[in-house]
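If you're matching positions, the sequence shown starts at 26 in this note's numbering and goes up one per residue. For each residue, glycine too, the CB sits at the ideal point set by N, CA and C. Beneath this line is the structure, given in structure tokens, with notes to follow.
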Amino acid sequence: MAGANGTYAGRFDGRVAVVTGGAMGIGGAAARRLAREGATVVIADRDEKAGAENVKTITAAGGKASFVACDVTDEAAVRALMEGTVAKHGRIDILTNVAGVTAKKAGVDDTTLEEFRRVTTINIEGTFLCTKYAARAMKARKYGRIINISSTTSIMPTTYGNSPYTASKGAVSALTRQWVMELAEHGISVNAVAPGPTRSPMTEALGPKMLADRLKLIPAGRIGEPDDQAAAIAFLASEEAGYINGQVLVVDGGMTVVRNAAR
Ligand SMILES: NC(=O)c1ccc[n+]([C@@H]2O[C@H](COP(=O)([O-])OP(=O)(O)OC[C@H]3O[C@@H](n4cnc5c(N)ncnc54)[C@H](O)[C@@H]3O)[C@@H](O)[C@H]2O)c1
């Protein structure tokens, strides 16, 4: 039963969770939620200042959290993050691959190869590297919950150009299914959350018009909040979700069921 604040007290007691991109936005909310429900949270992010601030927020509320500076595209840093977490906390039960970036708005004929590589490197290679080293730790204990962050762009194109981002999130959904085949026998589930437009530093940087345009497409009548995504992440990380594997859970207020997309 959910508590008064909508969270499940003690749901993650004794669990250790690594949250990449946990400094702000969706990852920031996921880190706070997992900690509020009892997890020991390791926030891994390249933004040291914001990461430290989120740790402060969590610990001030009585939660357990620490910060590790890590660029998810740096293999040595990712390996050190995962091995360091096991050395310090004894285990990794939950990995939430939230670190990600969006691309500059541009049509396919105006997108540079450099931009395509920047976005796909962070979103695909970052998710791959974190999963690679967390899976090793999870396999050793025959338990794990991996939650990737895809996007509604993996199932429905955006109405503006964003080839690198769409490609990267399609890959994240495909890898989610691929890793089930490799990890399920080790007691590890791999699922993804596909957020629709959600208020965060990322979407705020795109300007108010983007979210205002998106709002017209959302039957729920509001833009998503990071806590909406954090609730789905926490569910997939929980014991109750133990038999759910390889799914991409769309959290978009119904946007993807609307077919007559307005431009
Ligand atoms: N906000 C949305 O509308 C939306 C919709 C669909 C999917 N998503 C996805 O959700 C995830 C979080 O998005 P957000 O809106 O909270 O973004 P955000 O920009 O607000 O936060 C992203 C976090 O990831 C970190 N990060 C970025 N690159 C990194 C790297 N190479 N190494 C380590 N950390 C890195 C940033 O420092 C930041 O803390 C992303 O994967 C994004 O693609 C967001």
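Residues 189, 192, 193, 196 of the same chain have their beta carbon placed closer than 8 Å to that of residue 145, with the five preceding and five following residues left out of the count. Within its own chain, the residues whose Cβ lies closer than 7 Å to the Cβ of residue 185, once the five positions on either side in sequence are excluded, are 130, listed in chain order.
Looking at 209, 178, 32, 58, the one whose alpha-carbon comes closest to that of residue 239 is 178.
Unbroken beta strand (DSSP E) runs of no fewer than 3 residues, entirely contained in the stretch 63–94, are found at 65–70, 89–94, following chain order.
Exposure of residue 247 is indicated by the presence of fewer than 16 other C-beta atoms within 10 angstroms of its C-beta. In this structure, the beta-carbon distance from residue 51 to residue 225 falls below 8 Å. For residue 193, the enclosing alpha helix (DSSP H) begins and ends at 188–208.
For residue 51, the enclosing alpha helix (DSSP H) starts and ends at 50–61.
Around the beta carbon of residue 244, fewer than 16 other beta carbons sit within 10 angstroms, so the residue counts as exposed. If you draw a straight line from the Cα of residue 266 to the Cα of residue 260, it is about 6 Å long.
Put simply, of 62, 63, 56 the residue whose alpha carbon is nearest the alpha carbon of residue 92 is 56. Non-local beta-carbon contacts of residue 76 in its own chain, meaning distances under 6 Å to residues more than five positions away in sequence, involve 48, 68, 70, 92 in chain order. Scanning 273, 156, 62, 42 for the CA closest to the CA of residue 202 turns up 273. Set against 7 Å, the gap from the CB of residue 283 to the closest heavy atom of ligand 1 is not smaller. Judged by beta-carbon spacing, residue 276 lies beyond the 8 Å limit of residue 217, meaning their Cβ atoms are not closer than that value.
Residue pairing by DSSP puts residue 223 in a beta bridge opposite 249. Taking the C-beta atoms as reference points, residue 83 is found no nearer than 8 Å to residue 121.
Distance between residue 222 and residue 169, taken at the CA atoms: about 28 Å. For residue 169, the beta-bridge partners assigned by DSSP are 213. Shown here, residue 122 sits in a strand according to DSSP, grouped into three states.
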